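There are 2 protein chains.
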Amino acid sequence: MPHSLEIQILIMHTELLAHIKRFVSLTPEEEKIVKGYVHTQDVKYKELVLKSGQVCDAYYFVVKGVLRMYTLTDNGTEHIVQFAIDNWWMSDYTSFDTQKPSLFSIQALEPTTVIVIDKKVQEIIFQEVPKLERYFRLIFQRAYTATLMRVHFIFSSSGEARYHHFNNSFPEFVQRIPQYMLASYLGFTPEFLSKIRAKKI
Amino acid sequence: MPHSLEIQILIMHTELLAHIKRFVSLTPEEEKIVKGYVHTQDVKYKELVLKSGQVCDAYYFVVKGVLRMYTLTDNGTEHIVQFAIDNWWMSDYTSFDTQKPSLFSIQALEPTTVIVIDKKVQEIIFQEVPKLERYFRLIFQRAYTATLMRVHFIFSSSGEARYHHFNNSFPEFVQRIPQYMLASYLGFTPEFLSKIRAKKI
DNA sequence: CGATTTTTTGAATCATATCAACGTACGTGG
DNA sequence: CCACGTACGTTGATATGATTCAAAAAATCG
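If you're matching them up, the sequences are chains A and B in order. Letter 157 of the first sequence, counting from 1, is numbered 157 in my numbering, and no numbers are missing. Letter 182 of the second sequence, counting from 1, is numbered 182 in my numbering, and no numbers are missing.
In structure tokens:
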């Protein structure tokens, strides 16, 4: 009889499989193969799963929690290029593929549970379950077009408009992260965000 | 004996197949299938292959020439979100998938030759040559990470620094497009770009 | 509760936008 | 092949959105 931890992991894997099945069908055997190659990892608040300068050797799927991906400028300022919440993948895919050091760091902003595909098994899992090529094609397509929309917003609206748009689109998420990180993601300073908020009230 | 036009088309298709084979291997039969489903299209200078408000019903692969993808703001300003040159794919993949009107327009900035995958055959071609799932997974991954790098640059460097970086990275390309379009792509006004250039000399 | 982190406020400053005018180049039709 | 018109690039004056710095206030955490 499985004990509590095993049940937990089972649930985690179920979340990933459910997500995959929103894009491609999987036979029971294929599900088993996937389960066999991935593993879960608990990431503590503020813990890094990738540190800039290191090689990225995994894909991470957020089951629960929040990750951020960010860079450090010469003068020490952080710039958040991405958040990942439930059901999003995050990795430095370039570093993963080339096995060169990453420019980015990835950090948990809450106690976070991720499902990990390690570099070692990535090609194997794709070979054994070729449907995953299609799944990740669709995942990357979505991520790509979302990022293009983001560029569009950055160029076509003021910081204030971007803040309100983001706030209206993801009100629950805004609650979960410190304001200065939202400012960094939106491309301006925390002081400026504070002033935007002061106006509204 | 094939006449000149057919030879031309053959060469075009060869470029696409060569590109695909940089990412996945193809058997001669698979090559034939791909050739059978795609077709080339000549796009005149300033011609639109997609007009905002219309549904995007093709993927475009640039064999030769330049495409730009842009939006129009309420006040009539254009914002270029993407360029595509030789060996790049361009489409509004969201509009393509959902069959909803696109926010973007796609226009040729030179006489341009593209290879087209039409909506009608897209799923068929993927079914018949499943390796293309992998190919496009890698294409989208690259496009996604390139766009993330772009966001990183937008946030971490001034307009001036972005201009110099772009100029150093793609000097030949800068020659081929009007300055006001480069300004639009980099996220500032043509006047400002003009002033940056004045400084340097 | 004290210590640290996060947010706010205000004043000065800077990067970039806006507008308007002028200069230049280029392509088309006569 | 010239002339003209339109599209593109430059320049300068002024305006503005956003940053910087410093300090205080508020929130969070052990």
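Glycine included, C-beta positions come from ideal geometry on N, C-alpha and C. Predicted model, so just to flag it, every value in this text is computed and none were measured.
- Collapsing the DSSP output to three states places A:F83 in a strand.
- About 6 angstroms separates the beta carbon of B:K119 from that of B:F96, a gap short enough to meet the 8 angstroms contact definition.
- DSSP, read as helix, strand or coil, puts B:F61 in strand.
- With 16 or more other Cβ atoms from the protein chains shown falling within 10 Å of its own Cβ, A:T113 counts as buried.
- Contact fails between the region 167-178 of chain B and the region 53-63 of chain B, because fewer than three Cβ pairs, one in each stretch, are under 8 angstroms apart.
- Straight across, the Cα-Cα distance linking B:E15 with B:Q107 is about 21 angstroms.
- B:L50 and B:D92 do touch by the CB rule: their CB atoms are close to 6 angstroms apart, below 8 angstroms.
- Restricting attention to A:F23, A:E29, A:Y60, the CA atom closest to the CA of A:M12 is found in A:Y60.
- Distance from the Cα of A:E78 is smallest, within the candidate group A:S52, A:G65, A:Q99, A:E128, for A:S52.
- Looking at the DSSP output, A:A108 bridges to A:L67.
- A:T98 sits exposed, since fewer than 16 C-beta atoms from the chains shown fall within 10 Å of its C-beta.
- By the Cβ neighbour-count rule, B:A143 is buried, with 16 or more other Cβ atoms within 10 Å of its own.
- In the DSSP assignment, A:Q41 falls within the unbroken beta strand (DSSP E) covering 39-43.
- Its chain contains F126 as the residues whose beta carbon lies nearer than 7 angstroms to that of B:E133, once the 5 sequence neighbours on both sides are disregarded; these appear in chain order.
- Counting C-beta atoms within 10 angstroms of its own C-beta, A:G65 has 16 or more neighbours from the protein chains shown and is therefore classed as buried.
- Within 10 angstroms of the beta-carbon of A:I124 lie fewer than 16 other beta-carbons, which makes it exposed.
- Against chain A, the CB of B:P178 has no partner CB under 8 angstroms away; the residue lies outside that interface.
- With a 10 Å radius around the Cβ and a threshold of 16 neighbouring Cβ atoms, B:S105 comes out buried.
- For A:W88, same chain residues with a beta-carbon under 7 angstroms away, outside a window of 5 residues either side, are V62 in chain order.
- In the DSSP assignment, B:V55 falls outside any alpha helix (DSSP H) and carries neither an H nor an E.
- A:K131: member of the alpha helix (DSSP H) spanning 131-156, first to last residue.
- Boundaries of the alpha helix (DSSP H) around A:R162: 159-169.
- Not flagged as an interface residue toward chain B: A:H19, since no C-beta distance is shorter than 8 angstroms.
- Here A:I80 has R68, M69, Y70, M181, S184, Y185 as same chain residues with Cβ atoms under 8 angstroms from its own Cβ, once five neighbours each way along the sequence are excluded.
- Our two residues, B:I33 and B:H39, have alpha carbons roughly 12 angstroms apart in a direct line.
- Bounds of the alpha helix (DSSP H) holding A:I125 are 119-128.
- Listed in chain order, the non-local C-beta contacts of A:S194 below 8 angstroms within the same chain comprise Q179, local neighbours out to five positions each way being set aside.
- In the DSSP annotation of this structure, the continuous segment of the alpha helix (DSSP H) that includes A:D97 starts and ends at 93-98.
- With contacts defined as CB atoms closer than 8 angstroms, B:E110 and B:Y45 qualify as a contacting pair.
- Taken in chain order, the members of the region 109-139 of chain B whose beta-carbon sits within less than 7 angstroms of a beta-carbon on chain A are P130, E133, R134, F136, R137.
- For the pair B:R137 and A:T94, the Cα-to-Cα distance works out to about 13 angstroms.
- Following the DSSP letters along the chain, one finds B:S102 in no alpha helix (DSSP H), marked with neither H nor E.
- A straight line joining the alpha-carbon of A:R150 with that of A:H165 spans about 11 angstroms.
- Excluding residues up to 5 positions away in sequence, G159, A183 lie with their Cβ nearer than 8 angstroms to the Cβ of B:F192 in the same chain.
- No residue range can be given for A:S25, since it is assigned to no alpha helix (DSSP H) and is classified by DSSP as neither H nor E.
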